[in-house]
Amino acid sequence: MRYDSITEAIGNTPLVRIDPAVHGLRHIDLYAKLEMLNPFGSVKDRAAWNMARAALPGAGERGETVVELSSGNTAKALAVIAGMHGLPFKSVTNRMRIAEVKDLLLLLGAEIEELPGRSECLDPTDTEDPLTLFHQRLNESGGAHLHTDQYFNALNTEAHATGTGPEIVADLDGRAPDWFLACVGTAGSSTGVARALRAHDPAVRVIGLVGEKSDFIPGIRNIDEVHEVGLFDPATYDTIESVGADDAIDGMLTLVRRCGILAGPTGGAAYHGAVRHLQSLDAELTGPVRRTAVFIVCDRVESYLGYVKQRRPELMRRPPARNSVAALSDAEVRAAQVIEVADARKWIAAERPLVIDLRSSFAYAALHIDGSVNIVDELFDELVRGGLPFGKRQPVLLACPVGEQSARYAALLTRMGHPDVRSLAGGIIAWRDAGAPLVRD
Numbered sequence: 001m002r003y004d005s006i007t008e009a010i011g012n013t014p015l016v017r018i019d020p021a022v023h024g025l026r027h028i029d030l031y032a033k034l035e036m037l038n039p040f041g042s043v044k045d046r047a048a049w050n051m052a053r054a055a056l057p058g059a060g061e062r063g064e065t066v067v068e069l070s071s072g073n074t075a076k077a078l079a080v081i082a083g084m085h086g087l088p089f090k091s092v093t094n095r096m097r098i099a100e101v102k103d104l105l106l107l108l109g110a111e112i113e114e115l116p117g118r119s120e121c122l123d124p125t126d127t128e129d130p131l132t133l134f135h136q137r138l139n140e141s142g143g144a145h146l147h148t149d150q151y152f153n154a155l156n157t158e159a160h161a162t163g164t165g166p167e168i169v170a171d172l173d174g175r176a177p178d179w180f181l182a183c184v185g186t187a188g189s190s191t192g193v194a195r196a197l198r199a200h201d202p203a204v205r206v207i208g209l210v211g212e213k214s215d216f217i218p219g220i221r222n223i224d225e226v227h228e229v230g231l232f233d234p235a236t237y238d239t240i241e242s243v244g245a246d247d248a249i250d251g252m253l254t255l256v257r258r259c260g261i262l263a264g265p266t267g268g269a270a271y272h273g274a275v276r277h278l279q280s281l282d283a284e285l286t287g288p289v290r291r292t293a294v295f296i297v298c299d300r301v302e303s304y305l306g307y308v309k310q311r312r313p314e315l316m317r318r319p320p321a322r323n324s325v326a327a328l329s330d331a332e333v334r335a336a337q338v339i340e341v342a343d344a345r346k347w348i349a350a351e352r353p354l355v356i357d358l359r360s361s362f363a364y365a366a367l368h369i370d371g372s373v374n375i376v377d378e379l380f381d382e383l384v385r386g387g388l389p390f391g392k393r394q395p396v397l398l399a400c401p402v403g404e405q406s407a408r409y410a411a412l413l414t415r416m417g418h419p420d421v422r423s424l425a426g427g428i429i430a431w432r433d434a435g436a437p438l439v440r441d
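For the sequence shown, the positions run 1 to 441 when UniProt numbering is used.
Structure representation (structure tokens):
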């Protein structure tokens with residue numbers, strides 16, 4: 001194959017059958033759509049090119065900057081595409097959580113702006129969120145930006161409705177699969193592929209996979225976050241199921257070690273969720289007719305080695321992390337002391353606990369509880385691995401955006417012997433919604 005431009009290599013990715021000896025399904029052929037083999041490394045190459053290409057000539061004439069609210073694969077693809085067309089690219093995000101991605105964006109010449117968003121994901125309904133306000137300004141006419149707007153741009157979905165989905169049908173000899181399983185981020189790929197498959201066969205079952213609320217899997221939103229995405233439509237999915245971070249890493253290891261597919265954690269989550277969902281269905285099937293299922297491998301493992309090292313250091317031949325939230329059981333997390341906003345305000349006034357805000361420094365600077373100390377959760381994680389970072393006589397109140405991560409740390413500190421550490425129920429958002437006072441730096 002010979003191309004005049006690297007963008008011509010986007011799409012037509014392989015569909016690879018997973019060896020039944022690996023997944024154990026007897027009556028279902030499971031296929032992986034290897035979107036990781038797009039030229040810039042991910043499924044987002046399709047959406048980035050489809051959203052940007054028609055507007056690039058005009059943007060070049062006007063000297064505009066390509067802008068996207070992304071801290072991951074969409075930003076990487078757009079940074080490459082913008083550079084190819086002599087345009088600057090800016091990534092705007094609440095937080096760059098994957099160090100390798102940040103380094104690659106800088107290498108590609110991108111500008112990165114981290115704004116004090118109140119949550120990890122854009123919430124268009126929160127009109128006081130700085131990230132939302134920035135998003136609204138980008139969409140105003142007359143700006144000097146080419147805003148691709150992946151969360152709301154129908155061209156994101158179209159890239160998969162006209163490309164990824166029809167490719168799957170063609171590679172299955174003109175048949176749609178019986179099941180399609182996909183992790184949900186912007187919802188563009190799952191929505192677009194589902195549309196194409198159902199146009200071919202309305203009986204296709206579509207399973208959306210989201211992260212568990214207390215976990216972080218790069219590229220996947222949890223069930224609360226997906227409702228904040230403009231492209232998300234619950235009617236797309238026959239069911240939505242959650243996957244934990246450890247499950248995602250286990251699935252990734254299976255793909256990497258048993259299948260030769262160098263998938264990242266999102267692909268691992270898709271594989272794990274697919275096998276788990278299909279096992280009970282497979283057990284009920286009989287007869288010679290085989291069924292088919294397809295999941296998407298979104299990107300490659302190399303960008304997530306730091307994430308894996310932090311979650312599972314033993315995989316890198318490192319000793320298990322001491323005092324890690326990853327080692328907590330569900331029962332320990334459920335047993336953590338949680339305090340409601342009204343009671344927390346009384347406790348602060350009476351006992352003067354040390355209030356630790358685990359959010360990003362940008363979110364903390366925007367609004368925080370008066371007198372609280374900002375220790376970003378990654379730094380706090382490092383501190384507690386070395387032991388209790390404060391005396392046992394000091395009562396502690398932990399706060400995060402919605403009260404989930406703080407509950408895990410409260411459980412960990414309790415396990416480590418601290419007698420009085422509590423998590424703010426509902427986090428800073430609940431504090432704000434209750435009308436409790438917040439201050440700004």
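Beta carbons are placed, not taken as given, at the ideal position from N, Cα and C, and that holds for glycine.
| Asked | Found |
| --- | --- |
| Enclosing alpha helix (DSSP H) for GLU284 [first to last residue] | 265-284 |
| Separation of ARG322 from ASP29, as counted between CA atoms | 41 Å |
| ALA399, DSSP secondary structure in three states | strand |
| One or two residues paired with GLU68 in a DSSP bridge | SER91 |
| Extent of the continuous alpha helix (DSSP H) to which residue 442 belongs | Outside the displayed range of the chain (1 to 441) lies residue 442, so it cannot be described from this structure. |
| Counterpart residues of residue 442 in DSSP-defined beta bridges | Residue numbering for the chain in the displayed model covers 1 to 441; residue 442 lies beyond these limits and cannot be assessed. |
| Length of the line joining the Cα atoms of SER119 and TYR151 | Reliability of the predicted coordinates at SER119 is poor, the pLDDT of 48 falling under 50, and the value obtained from them is presented with this limitation in mind. Roughly 15 Å between the two C-alpha positions. |
| Residue of ARG440, LYS213 and GLY165 minimising C-alpha distance to THR191 | GLY165 |
| Local conformation of GLU228 per DSSP, three classes | coil |
| Where GLU340 falls, given that 16 or more other Cβ within 10 Å makes a residue buried | exposed |
| Rounded Cβ spacing between CYS400 and GLY371 (contact assumed at less than 8 Å) | Incorrect: roughly 17 Å between the Cβ atoms, too far for contact. |
| Sufficient close CB pairs (3 or more, under 8 Å) joining the region 104-112 to the region 181-191 | no |
| Residues near HIS23 in its chain [Cβ-Cβ closer than 6 Å; skip 5 each side] | LEU30 and VAL275 |
| Three-way DSSP call (helix, strand, coil) for VAL325 in this model | helix |
| Length of the line joining the Cα atoms of PRO320 and SER423 | 26 Å |
| Inter-residue spacing [alpha-carbon to alpha-carbon] between ASP215 and GLU61 | 44 Å |
| At least three beta-carbon pairs within less than 8 Å, the region 236-254 to the region 91-102 | no |
| Cut-off 7 Å between Cβ atoms - residues of its own chain near ASN12, not counting five sequence neighbours on either side | GLU167 |
| Other residues of its chain near ALA196: CB distance less than 6 Å, five sequence neighbours each side excluded | ALA161, GLY165 and PRO166 |
| Whole-Å CB distance - LYS90 paired with PHE40, under 8 Å assumed | Not a contact, Cβ separation roughly 17 Å. |
| Segment limits, beta strand (DSSP E) that includes VAL256 | Note, VAL256: premise wrong, no beta strand (DSSP E); alpha helix (DSSP H) at 245-258. |
| Expected contact under 8 Å - CB spacing of MET416 and LEU388 to nearest Å | 6 Å |
| Simplified DSSP state of LEU181, which is helix, strand or coil | strand |
| Touching by the beta-carbon criterion (3+ pairs, under 8 Å), the region 223-233 and the region 252-260 | no |
| Boundaries (first-last residue) of the alpha helix (DSSP H) holding HIS418 | From DSSP, HIS418 is part of no alpha helix (DSSP H); its letter is neither H nor E. |
| Residue nearest to LEU155 in terms of C-alpha spacing, selected from ALA331, GLN279, TRP49 and HIS85 | TRP49 |
| Cβ neighbours of LEU253 in the same chain (closer than 6 Å, five flanking residues each side left out) | none |
| In DSSP terms, what SER242 is bridged to | VAL210 |
| Residue burial classification, VAL439 (beta-carbon count within 10 angstroms, cutoff 16) | exposed |
| Proximity below 8 Å, CB of ALA99 to CB of PRO177 | no |
| Neighbourhood of HIS145 by C-beta distance below 7 Å, restricted to the same chain and skipping five residues each side | GLU64, THR65, VAL67 and LEU138 |
| Whole alpha helix (DSSP H) elements within the UniProt domain "Rhodanese" (349-440), 4-residue minimum | 361-366, 377-385, 404-415 and 427-433 |
| Among ILE18, LEU181, ASP441 and GLY386, the one whose alpha carbon lies nearest that of THR266 | LEU181 |
| DSSP-derived helix/strand/coil call for VAL16 | strand |
| Check whether ILE296 and SER189 have beta carbons under 8 Å apart | yes |
| Distance, ALA363 Cα to GLY117 Cα | Because GLY117 sits at a pLDDT of 48, beneath the cut-off of 50, its placement in the model cannot be relied upon, and the following sentence gives the value as read from the coordinates. Cα to Cα, the separation comes out at about 6 Å. |
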